[in-house]
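Colleague: FYI, the UniProt record's numbering numbers position 6 of the sequence shown as 6, with every residue one higher than the one before it. Backbone N, C-alpha and C fix where the C-beta goes; we use that ideal spot for every residue, glycine too. Predicted model, so just to flag it, every value in this text is computed and none were measured.
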Amino acid sequence: MMTLQVISEDKRLLHAIAEDLLKEKLIANAMISEELIFKEIGSNDTIAQTTRHLLKGVSKSLLFNKINLRLRETYKERMPLLYAEPIIMIDAEQTEGVLAKLQAV
Numbered sequence: 001m002m003t004l005q006v007i008s009e010d011k012r013l014l015h016a017i018a019e020d021l022l023k024e025k026l027i028a029n030a031m032i033s034e035e036l037i038f039k040e041i042g043s044n045d046t047i048a049q050t051t052r053h054l055l056k057g058v059s060k061s062l063l064f065n066k067i068n069l070r071l072r073e074t075y076k077e078r079m080p081l082l083y084a085e086p087i088i089m090i091d092a093e094q095t096e097g098v099l100a101k102l103q104a105v
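Below, the structure is given as structure tokens:
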């Protein structure tokens, strides 16, 4: 299992992605943050700071590529930053509930 993380400047985009992924049973739940400070190395090795939003959702690791392809096809040049972190431990009863909400792999 994994925590899918999607980062974008456009909060409405994240809401649309969350609804799509939930309907397709590609994530079991979604949380969308308020504004976060996002820092990265910009041009000329300067640190650039912007405001972003974060969508988190629990899914199966084996669904990551399917999610990535779906977002790439749907959002093309608006593709948000996408990555996943493994879930190391989760309560067994909660695992069953999460898996019931996801596509079979």
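#1: Is it the case that the stretch 87-105 contacts the stretch 45-56, given that we only count it when at least three CB pairs across the two stretches are under 8 Å?
#2: So K56 is in the beta strand (DSSP E); what residue range does that whole segment cover?
#3: Rounded to the nearest angstrom, what separates I67 and S43 at their Cα positions?
#4: Please classify K39: does DSSP put it in a helix, a strand, or coil?
#5: Determine the closest residue to L99 out of S8, K76, S59, R78, with distance taken between C-alpha atoms.
#6: Whole angstroms are fine: how far does the CA of I7 sit from the CA of L54?
#7: Would you report the Cα separation of T3 and D45, rounded to the nearest angstrom?
#8: Can you tell me whether DSSP reads E85 as helix, strand or coil?
#9: Going straight from the alpha carbon of residue 109 to that of G57, what length do you get?
#10: Could you check what DSSP says for Q103 in three-state terms: helix, strand or coil?
#11: Inspect the beta-carbon positions of L26 and Q103 and report whether they are closer than 8 Å.
Modeller: If we stick to the structure as given:
#1: no
#2: Taking the first residue of the sequence shown as position 1, residue 56 is located at position 56. 47-59 is the span of the beta strand (DSSP E), which, as asked, contains K56.
#3: Position 67 of the sequence shown, counted from the start, is the residue given in the question as residue 67. Position 43 of the sequence shown, counted from the start, is the residue given in the question as residue 43. Distance between the alpha carbons of I67 and S43 is about 30 Å.
#4: Position 39 of the sequence shown, counted from the first residue, corresponds to residue 39. K39: strand per DSSP, three-state reduction.
#5: The residue given as residue 99 occupies position 99 in the sequence shown. The option with the nearest alpha carbon to L99 is S59.
#6: Locating residue 54 in the sequence shown gives position 54, counting from the first residue. Locating residue 7 in the sequence shown gives position 7, counting from the first residue. Going from the Cα of L54 to the Cα of I7 covers about 5 Å.
#7: Mapped onto the sequence shown, residue 3 falls at position 3. Mapped onto the sequence shown, residue 45 falls at position 45. Computed Cα separation, rounded: 30 Å.
#8: Along the sequence shown, read from residue 1 onward, the residue named residue 85 stands at position 85. Three-state DSSP puts E85 in a strand.
#9: Nothing about residue 109 can be reported from this structure: the residues present for the chain run from 1 to 105 only.
#10: As a position in the sequence shown, residue 103 is number 103, starting the count at 1. Q103: coil per DSSP, three-state reduction.
#11: In the sequence shown, the residue the question calls residue 26 occupies position 26. In the sequence shown, the residue the question calls residue 103 occupies position 103. Cβ atoms of L26 and Q103: closer than 8 Å.
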